[in-house]
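Worksheet for the structure shown next.
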Amino acid sequence: MIEWQFESIGALIAMTPHGPFVWSVYGLGLVVLGGLTLHFRQSHRRAITRIQRQFERESEHESET
Amino acid sequence: MAWQWFHQWGSPRWFYERAERWQFWAGWIALVLLVLGTVWGLAIAPVDYQQGHSYRIIYLHVPVAFLAQALYLGMAVAAVVLLVWRMKLADIAIQALAVVGCAFCVLALVSGAIWGKPTWGTYWVWDARLTSMLILAFLYLGIIGLRSAFIDPELAGKACAILALVGAINLPIIKYSVEWWNTLHQPASLKLTERPAMPASMWVPLLLNICAYYAAAVYLLFASMRTLVLRRERRAQWVQALVRAHD
Numbered sequence: 768m769i770e771w772q773f774e775s776i777g778a779l780i781a782m783t784p785h786g787p788f789v790w791s792v793y794g795l796g797l798v799v800l801g802g803l804t805l806h807f808r809q810s811h812r813r814a815i816t817r818i819q820r821q822f823e824r825e826s827e828h829e830s831e832t
Numbered sequence: 023m024a025w026q027w028f029h030q031w032g033s034p035r036w037f038y039e040r041a042e043r044w045q046f047w048a049g050w051i052a053l054v055l056l057v058l059g060t061v062w063g064l065a066i067a068p069v070d071y072q073q074g075h076s077y078r079i080i081y082l083h084v085p086v087a088f089l090a091q092a093l094y095l096g097m098a099v100a101a102v103v104l105l106v107w108r109m110k111l112a113d114i115a116i117q118a119l120a121v122v123g124c125a126f127c128v129l130a131l132v133s134g135a136i137w138g139k140p141t142w143g144t145y146w147v148w149d150a151r152l153t154s155m156l157i158l159a160f161l162y163l164g165i166i167g168l169r170s171a172f173i174d175p176e177l178a179g180k181a182c183a184i185l186a187l188v189g190a191i192n193l194p195i196i197k198y199s200v201e202w203w204n205t206l207h208q209p210a211s212l213k214l215t216e217r218p219a220m221p222a223s224m225w226v227p228l229l230l231n232i233c234a235y236y237a238a239a240v241y242l243l244f245a246s247m248r249t250l251v252l253r254r255e256r257r258a259q260w261v262q263a264l265v266r267a268h269d
């Protein structure tokens with residue numbers, strides 16, 4: 768049976784007296800996991816753009832010669 | 023025929039084409055399990071009679087600490103594959119595992135330090151478990167730094183593989199540190215060979231979170247490896263075709 772351990776959202780946030788410890792850990796976890804996800808997505812996009820530009824430069828160079 | 027599956031991993035193209043699908047599913051599994059596991063751990067699991075609510079840090083700390091070690095083990099296996107079979111993908115795996123493993127290791131150290139304050143009264147002690155985990159973080163950082171110290175990528179790969187293998191000696195030290203030395207750190211929360219000391223209402227969400235963070239690590243590894251494959255194979259025809267199709 769699911770039984771909520773807190774009477775209100777306020778009590779969940781406070782987790783008296785350990786709220787700051789618990790929430791700072793989960794906040795940090797979110798920052799690390801979210802940060803890595805965004806970083807890898809951006810670097811994948813950047814890699815594709817860089818390769819596209821490289822091909823464009825190479826094809827321009829070939830047409831000039 | 024039996025080795026065909028192994029040789030397929032030698033083809034970056036084969037990996038890249040499949041990893042997108044694996045990454046997609048790992049990402050969704052991770053997201054669903056992370057939401058379920060975190061809500062269960064934070065709001066539904068019963069409070070600990072000794073540690074109070076601070077014990078809820080276990081639902082993040084234990085999975086990331088497990089992963090910091092498991093990813094290093096994965097890196098050591100990839101190092102053997104690279105040194106013996108010279109598989110390109112093994113070198114790429116070492117690169118990705120070092121970054122993701124380092125992030126999990128730092129998260130394990132910091133979450134452990136924050137948990138230490140209400141439990142032990144201090145953020146840090148030079149305890150055997152904590153110190154060996156700190157050494158693991160330095161090994162990860164060393165492998166990341168070592169790669170950028172070489173101009174020749176092949177030489178860099180070999181050097182990183184050797185350091186990864188040498189550093190693997192630290193893994194049994196981390197595992198048995200709580201048995202070999204008198205430490206503040208508690209013994210393993212979950213063991214394959216014994217019933218957990220915690221009630222099911224506490225260890226079931228822990229198991230769920232371990233699965234969630236493993237799925238998240240798989241997602242992050244594939245995301246990183248796909249980019250590294252693209253960069254390394256940028257001159258290959260299949261990459262050219264792929265990039266053109268992306269326009």
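Residue numbers (this note's numbering), protein chains in the order written: chain A, 768 to 832; chain B, 23 to 269. The beta-carbon is built from N, C-alpha and C at its ideal position, and this holds for glycine as well. Predicted model only: the values in this text are computed from it and were never measured.
Suppose contacts are defined by Cβ-Cβ distances below 8 Å. Is residue i in contact with residue j by that definition?
{"i": "Ala186 (chain B)", "j": "Ile116 (chain B)", "result": "yes"}
{"i": "Ile769 (chain A)", "j": "Ile66 (chain B)", "result": "yes"}
{"i": "Cys127 (chain B)", "j": "Ala90 (chain B)", "result": "yes"}
{"i": "Asp149 (chain B)", "j": "Leu206 (chain B)", "result": "yes"}
{"i": "Phe807 (chain A)", "j": "Ala112 (chain B)", "result": "no"}
{"i": "Arg78 (chain B)", "j": "Gly63 (chain B)", "result": "yes"}
{"i": "Val200 (chain B)", "j": "Arg151 (chain B)", "result": "yes"}
{"i": "Leu228 (chain B)", "j": "Val84 (chain B)", "result": "yes"}
{"i": "Val799 (chain A)", "j": "Leu129 (chain B)", "result": "yes"}
If I'm right that residue i touches residue j with Cβ under 8 Å, what's the distance once you round it to whole angstroms?
{"i": "Leu93 (chain B)", "j": "Leu131 (chain B)", "result": "With a Cβ gap of about 14 Å, Leu93 (chain B) and Leu131 (chain B) do not count as contacting."}
{"i": "Phe788 (chain A)", "j": "Lys110 (chain B)", "result": "The Cβ separation is near 44 Å, so there is no contact."}
{"i": "Trp137 (chain B)", "j": "Ser76 (chain B)", "result": "6 Å"}
{"i": "Val265 (chain B)", "j": "Phe822 (chain A)", "result": "7 Å"}
{"i": "Gly786 (chain A)", "j": "Leu82 (chain B)", "result": "Incorrect: roughly 15 Å between the Cβ atoms, too far for contact."}
{"i": "Phe88 (chain B)", "j": "Ile232 (chain B)", "result": "6 Å"}
{"i": "Ala210 (chain B)", "j": "Ala52 (chain B)", "result": "Not really, about 23 Å apart at Cβ, beyond 8 Å."}
{"i": "Val86 (chain B)", "j": "Ser133 (chain B)", "result": "7 Å"}
{"i": "Pro34 (chain B)", "j": "Ser223 (chain B)", "result": "Actually they are not in contact, since the Cβ atoms of Pro34 (chain B) and Ser223 (chain B) sit about 46 Å apart, beyond 8 Å."}
{"i": "Leu214 (chain B)", "j": "Gly189 (chain B)", "result": "Leu214 (chain B) to Gly189 (chain B), Cβ: 24 Å. No contact."}
{"i": "Ala181 (chain B)", "j": "Leu168 (chain B)", "result": "6 Å"}
Could you check the C-alpha separation between residue i and residue j for me, to the nearest Å?
{"i": "Tyr71 (chain B)", "j": "Pro194 (chain B)", "result": "32 Å"}
{"i": "Leu779 (chain A)", "j": "Pro218 (chain B)", "result": "26 Å"}
{"i": "Leu230 (chain B)", "j": "Ala101 (chain B)", "result": "30 Å"}
{"i": "Ala178 (chain B)", "j": "Leu104 (chain B)", "result": "12 Å"}
{"i": "Cys124 (chain B)", "j": "Arg257 (chain B)", "result": "30 Å"}
{"i": "Arg253 (chain B)", "j": "Thr832 (chain A)", "result": "27 Å"}
{"i": "Trp771 (chain A)", "j": "Phe28 (chain B)", "result": "48 Å"}
{"i": "Val121 (chain B)", "j": "Ile166 (chain B)", "result": "7 Å"}
{"i": "Tyr236 (chain B)", "j": "Ala48 (chain B)", "result": "9 Å"}
{"i": "Gln809 (chain A)", "j": "Tyr145 (chain B)", "result": "35 Å"}
{"i": "Trp790 (chain A)", "j": "Gly801 (chain A)", "result": "16 Å"}
{"i": "Met97 (chain B)", "j": "Trp107 (chain B)", "result": "15 Å"}
{"i": "Ala263 (chain B)", "j": "Pro175 (chain B)", "result": "25 Å"}
{"i": "Arg817 (chain A)", "j": "Leu56 (chain B)", "result": "34 Å"}
{"i": "Leu119 (chain B)", "j": "Ala781 (chain A)", "result": "36 Å"}
{"i": "Ala171 (chain B)", "j": "Gln208 (chain B)", "result": "38 Å"}
{"i": "Asn204 (chain B)", "j": "Gln73 (chain B)", "result": "21 Å"}
{"i": "Leu765 (chain A)", "j": "Pro221 (chain B)", "result": "Outside the shown range of chain A (768 to 832) lies residue 765 (chain A), about which nothing can therefore be said."}
{"i": "Lys197 (chain B)", "j": "Glu827 (chain A)", "result": "58 Å"}
{"i": "Gly794 (chain A)", "j": "Gln26 (chain B)", "result": "44 Å"}
{"i": "Trp50 (chain B)", "j": "Ile173 (chain B)", "result": "38 Å"}
{"i": "Arg813 (chain A)", "j": "Trp202 (chain B)", "result": "48 Å"}
{"i": "Glu774 (chain A)", "j": "His268 (chain B)", "result": "52 Å"}
{"i": "Leu805 (chain A)", "j": "Arg820 (chain A)", "result": "22 Å"}
{"i": "Trp260 (chain B)", "j": "Val99 (chain B)", "result": "28 Å"}
Can at least three beta-carbon pairs, one atom from the segment 41 to 49 of chain B and one from the segment 237 to 248 of chain B, be found at a separation below 8 Å?
-> Contact between the segment 41 to 49 of chain B and the segment 237 to 248 of chain B is present: three or more C-beta pairs spanning the two stretches fall below 8 Å.
For the segment 62 to 86 of chain B, enumerate the residues whose C-beta is nearer than 8 Å to any C-beta of chain A, in chain order.
-> Within the segment 62 to 86 of chain B, those residues whose Cβ lies closer than 8 Å to any Cβ of chain A are, in chain order, Leu64, Ala65, Ile66, Ala67, Pro68, Val69, Gly74, His75, Ser76, Arg78, Ile79, Leu82, His83 and Val86.
Positions along the segment 777 to 796 of chain A whose CB lies within less than 8 Å of some CB in chain B | Cβ contacts with chain B come from Leu779, Met782, Thr783, Pro784, His785, Gly786, Phe788, Val789, Ser791, Val792, Tyr793, Leu795 and Gly796.
Which residues, taken in chain order from the segment 237 to 248 of chain B, show a beta carbon closer than 8 Å to some beta carbon of chain A?
-> So the list reads Ala238, Tyr241, Leu242, Ala245, Ser246 and Arg248, given in the order they occur along the chain.
According to a CB-to-CB cut-off of less than 9 Å, which residues of the segment 195 to 216 of chain B neighbour chain A?
-> Identification of residues in the segment 195 to 216 of chain B having a C-beta nearer than 9 Å to some C-beta of chain A yields an empty set.
Closer than 8 Å, Cβ to Cβ, to anything on chain A: give me those residues from the segment 134 to 154 of chain B, in chain order.
-> Within the segment 134 to 154 of chain B, the qualifying residues are Ile136, Trp137, Lys139 and Pro140.
Chain-ordered residues of the segment 800 to 812 of chain A with a beta carbon less than 8 Å from chain B | Against chain B - using a Cβ distance shorter than 8 Å - the residues of the segment 800 to 812 of chain A are Leu800, Leu803, Thr804, Phe807, Arg808, Ser810 and His811.
Residues of the segment 249 to 265 of chain B with Cβ closer than 7 Å to any Cβ of chain A, in chain order = Listed by position, the residues of the segment 249 to 265 of chain B near chain A (Cβ gap below 7 Å) are Thr249, Leu252, Arg253, Arg256, Val261, Gln262 and Val265.
The segment 91 to 103 of chain B: which residues have C-beta closer than 9 Å to a C-beta of chain A, in chain order?
-> Close to chain A, meaning a Cβ-Cβ distance shorter than 9 Å, is no residue of the segment 91 to 103 of chain B at all.
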